[in-house]
Amino acid sequence: MIEITEAAMTKIKGMQEEEGDPSLMLRVGVKGGGCSGLSYGLGFDAEKNEDDTLLDKSGLGVLIDGESRPVVNGLVIDYKENMMGGGFTLDNPNAILSCGCGASFRTKENVGTPENC
């Protein structure tokens, strides 16, 4: 369903350790907004909701809500460092349009709710 590269996994697990709770799961989701209509959401969550899919990625629990599941299917989460710092990159094969900064997108089936940027 989704892939998390080794670099991203190292960063995520480090952030999880900083939170002080090894049971926290990574929540991956999509919400309306952004220049192109949909925006990604990444964060930690301690609770699995009824409509969540729970994936095990190298011992890390990954939660994806039912509404986001088809939109993020095939998503690759990576982490890259450069001279300006570091950050997560998200490569979504379902995206047909992305904004210039890569933070928002739209798919053929879901245009979301674009906002002026």
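With UniProt numbering, the residue at position 21 of the sequence shown is 21, and numbering never jumps.
Note that CB positions come from ideal geometry on N, CA and C, so glycine has one too.
CB-CB length for residue i against residue j, believed under 8 Å
| i | j | result |
| --- | --- | --- |
| Glu6 | Val76 | Glu6 to Val76, Cβ: 12 Å. No contact. |
| Val28 | Ser58 | The Cβ separation is near 15 Å, so there is no contact. |
Residue span of the alpha helix (DSSP H) that contains residue i, given as start and end
| i | result |
| --- | --- |
| Lys13 | 6 to 19 |
| Pro70 | 69 to 72 |
Selection from the options that minimises the alpha carbon distance to residue i
| i | options | result |
| --- | --- | --- |
| Leu42 | Asp51, Lys11, Cys35, Gly20 | Lys11 |
| Met9 | Leu60, Val72, Gly33 | Leu60 |
| Val30 | Leu38, Leu24, Ser23 | Leu38 |
| Asp78 | Asp56, Leu90, Met84 | Leu90 |
| Asn73 | Tyr40, Gly86, Glu47, Gly85 | Tyr40 |
| Asp52 | Val62, Ser58, Gly20 | Val62 |
| Glu47 | Met25, Gly34, Glu67 | Met25 |
| Asp21 | Cys35, Phe44, Pro70, Gly32 | Phe44 |
Where the beta strand (DSSP E) through residue i begins and ends
| i | result |
| --- | --- |
| Met25 | 25 to 32 |
| Asn82 | 75 to 82 |
| Ser39 | 38 to 45 |
| Asp91 | 85 to 91 |
| Gly61 | 60 to 64 |
heavy atom of the ligand PLP below 8 Å from residue i C-beta
| i | result |
| --- | --- |
| Val28 | By its list of ligands, the structure shown contains no ligand whatsoever, and the ligand PLP lies outside what it can speak to. |
Residue i (DSSP reduced to helix, strand or coil)
| i | result |
| --- | --- |
| Asp52 | coil |
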